[in-house]
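In order, the protein sequence lines correspond to chains P and G. Under our numbering, the first residue of the first sequence is numbered 1, with each subsequent residue one higher. Under our numbering, the first residue of the second sequence is numbered 241, with each subsequent residue one higher. Beta carbons: idealized from backbone N, C-alpha and C, even for Gly. If you're wondering where the values come from, they're calculated on a predicted model, not measured in any experiment. Some notes on the structure that comes next.
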Amino acid sequence: MKCGIVVFPGSNCDHDVYHVLNHVLGQETTFLWHQETSLEGCGLVVLPGGFSYGDYLRAGSMAAHSPIMAAVRRHAEAGGRVLGICNGFQMLLETGLLPGAMRRNRDLRFLSVDVHLRVERDDLLYCSNYRRGDVLRMPVAHAEGNYVDTGEALDELERRGQVVFRYVDAAGQLEPAANLNGSERAIAGICNAGGNVLGLMPHPERCAEEMLGNRDGLGLLAGAVAAGGGRVGALAAAGG
Amino acid sequence: MTLPDNRFVARVLVYPRAEVLDPQGRAIEDALGRIGFDGVRRIRAGKSFEVALEAEDERQATEAVDRMCRKLLANPIVEDYTVEWVSE
């Protein structure tokens, strides 16, 4: 599947994602400059991590209004795959392609550590290499990953099964101490109702090769490029 | 509030919503307590923007600034905003 990685001023995980998609997974991969208006036929669009526009105003808010985002929005609304990692997740929230918002981390610290994630959905294409309940170890590196939304919106998110990853301890248990950034309901990653747009704070591209000591993230990127006609399709909701 | 040539200047104040935990405000609050300001009850850390714009009239200017706030200057999920008009 042709993959496009959108590059914003301040993106810094774009080449890491390129490496995994192209060199590890063998996918045709291209960079898309944020000023462009075409996705060049890419089936998967990745919004990578970094500090787009220096996190001016709110993390991801300036990137959310850059020229290419109109095309990304059309792609997403037509069922195309969009994966937002870290700053890319923040952009998806700021564009409204995913619900919710980010606050500063609970302890105001930039967090750069490995965390454990529990897979909450395995009927998503992105998670096709995992099983529900699997515990993955992935690095996070962010200052604003403290997910929030209104209580009703969070209930709706849960009801529709849109929570894909939660911060847990190594045994897979929800534990306040394992939810380092303070996210509501320990939310680490969510998808849209159609399951074709996924955003998460942890970095699967940083743990996708054995030589890095951890390849728990490879399955996610492999799922993102798995065959499926370029569409993930509406999913029989796991949570109703 | 009207300036020559239908120019308007708005001061937009953006604050975390009351029900949203404001970690920055809390940290500043704690720091003020540590340096001896015992009477501080609450700090909310926000942002302010000065928006100079041209518009046909006050109503149009108000609508434009309101749209800017909702679309970009504030994130309504976590922030509230107020608009004041200032003379340059």
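Whole-angstrom C-beta distance between residue j and residue i, which should lie under 8 Å
i	j	result
P/A186	P/L174	6 Å
P/Y147	P/G219	So it is not a contact: roughly 22 Å between Cβ atoms.
Residue-chain proximity (residue i, chain P), Cβ-Cβ < 8 Å
i	result
G/V260	yes
G/L312	yes
G/A267	yes
G/V280	no
G/V318	yes
Residue i classed as buried or exposed, judged by whether at least 16 other C-beta atoms fall within 10 angstroms
i	result
P/L98	buried
P/M138	buried
P/V119	buried
P/A222	buried
P/H23	exposed
P/Y56	exposed
G/D262	buried
Closer than 8 Å to chain G by CB, residue i
i	result
P/G106	Note that residue 106 of chain P is Arg in the sequence shown here, rather than Gly. Taking Cβ atoms only, chain G reaches closer than 8 Å to P/R106, which makes this a yes.
P/V135	no
P/A101	yes
P/V148	yes
P/S11	no
P/S112	no
P/S61	yes
P/H34	no
Contact list for residue i against chain A, beta-carbon separation under 7 Å
i	result
P/R58	Although the question refers to chain A, the structure presented lacks it and instead comprises the protein chains P and G.
Nearest candidate by alpha-carbon position, reference residue i, set the options
i	options	result
G/R266	G/A258, G/R282, G/V252 and G/L253	G/R282
P/G50	P/R215, P/H15, P/S66 and P/R104	P/H15
P/L136	P/A177, P/C207 and P/N179	P/C207
P/D114	P/L21, P/H203 and P/S38	P/H203
P/G195	P/G84, P/D55 and P/D149	P/G84
P/E36	P/F8, P/P67, P/S52 and P/C13	P/P67
P/R166	P/Q27, P/I190 and P/L154	P/I190
Segments assigned beta strand (DSSP E), at least 3 residues, entirely inside the stretch 141-205 of chain P:
Listed in chain order, the complete beta strand (DSSP E) runs (minimum 3 residues) inside the stretch 141-205 of chain P are 146-148, 163-168, 187-191 and 197-200.
In chain order, what are the residue ranges of uninterrupted alpha helix (DSSP H) at least 4 long that sit wholly in the stretch 10-82 of chain P?
14-18 and 68-77
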